[in-house]
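Below is one structure; the comments refer to it alone.
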């Protein structure tokens, strides 16, 4: 009967072989819990960093695409508007349409007066007062009408 008493004393004092095995097991469990909690927190940090990097890359790509689209649209409109100036017939040619139109009308009146009075008549294809880039259709019509008028006289 002394043996069970001694066993219970040893287990209570924690100085037996079973106690050291149990302490080692508790130490291992505590270490695993600590390492698992630190590994889970490191996983969260890695996930957050990856999400932030992906968001930054997507924002940069979107900004670059928007800038490229805006530049392409501006260049396309600029090219089209310059060709439009060459293709139009004088109605929507110049940015300052009123000034050009008033100048053309007043010069045309003076030119027609000169033709009718036969003063200083020049060859009808030489019309320096008409703009070269715009109003090509008006220049051609005026030349044809001038040539027709001169032939009929």
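In the numbering used here, the protein residues as written are 33 to 185. All C-beta atoms in this analysis are idealised placements derived from N, C-alpha and C, irrespective of residue type, glycine included. All figures in this text were calculated on a predicted structure; none of them were measured in a lab.
Spatial neighbours of residue 94 in its chain, beta-carbon cut-off 6 Å, leaving aside the 5 residues before and after: A distance below 6 Å between beta-carbons, with the five flanking residues on each side excluded, links residue 94 to no residue of its chain.
Specify the secondary structure class of residue 151 as computed by DSSP and reduced to three states. Per-residue confidence for residue 151 stands at a pLDDT of 47, beneath the threshold of 50, marking its modelled position as unreliable; no derived number is given.
Tell me the rounded alpha-carbon separation between residue 86 and residue 102. Cα to Cα, the separation comes out at about 24 Å.
Alpha-carbon to alpha-carbon, residue 97 and residue 80: Cα to Cα, the separation comes out at about 26 Å.
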